[in-house]
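281 is the number that this note's numbering gives to position 141 of the sequence shown; each next residue is one higher, with no gaps.
All remarks here apply to the structure that follows.
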Amino acid sequence: MITQEIAFVEEKEGEKTQDPKPKKTLSLYEFLESNDELAEELKSYIYQKIENHEDEEALSILNSLISAQPNVTHWKFLFGRLLSDMGQTEKARKVFEEILQSNPFSYKTLFENALLMDRCGEGEIVLKWFEVLALAKKEEKVREARDA
């Protein structure tokens with residue numbers, strides 16, 4: 141469970157606050173960047189929502205996280221997986237293709253995209269995707285060996 145709360149304060153244009161001390165509020169991006177443990181807690185929370193069949197709420201949370209941290213591909217990947225599980229294959233494919241534009245050798249994303257293509261009846265193309273997957277897996281192993 142998330143141990144910290146995020147306070148969102150909306151002030152209408154021209155509205156004055158009664159509190160003489162201005163309150164500093166963190167944007168979701170700043171909050172996530174300032175707390176390393178929060179990402180793991182949010183993942184657990186999202187998985188719990190999915191297990192409880194609260195898919196729409198999980199999508200909403202993921203959408204907020206993607207808006208706050210557009211360069212974090214894990215949130216996008218979870219978003220795409222959830223869309224796929226909900227049967228929204230075209231939307232899921234767009235999400236996976238967006239991830240692949242920035243990281244063309246993302247093995248998990250290539251694999252999920254290939255599964256979606258197969259479900260959509262694009263079997264011949266899937267075979268080519270699996271060739272790309274094999275190359276991506278080799279590239280991943282090379283990168284791991286180089287970074288070790």
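Note that the Cβ used here is the ideal one computed from N, Cα and C, for glycine as well.
May I have the straight-line CA-CA distance separating residue 271 from residue 256, to the nearest angstrom? 16 Å
Which of the three DSSP states is assigned to residue 280 in this structure? Residue state, collapsed to three classes: helix.
Could you tell me whether the Cβ atoms of residue 190 and residue 216 are closer together than 8 Å? no
What distance in whole Å lies between the Cβ atoms of residue 254 and residue 273, which are believed to be in contact at a cut-off of 8 Å? About 7 Å separates the two Cβ atoms, so the contact holds.
Straight-line CA distance for residue 284 to residue 211? Computed Cα separation, rounded: 21 Å.
Residue range of the alpha helix (DSSP H) that includes residue 226: That residue, residue 226, is in no alpha helix (DSSP H); it is neither H nor E in DSSP.
How would you write the range of the alpha helix (DSSP H) that residue 181 sits in, first residue to last? Per DSSP, residue 181 belongs to the alpha helix (DSSP H) from 176-191.
Can you list, in chain order, the residues of its chain with a C-beta nearer than 8 Å to that of residue 277? Leave out the 5 residues immediately preceding and following it. Cβ neighbours of residue 277 within its own chain (closer than 8 Å, five residues either side excluded): 247.
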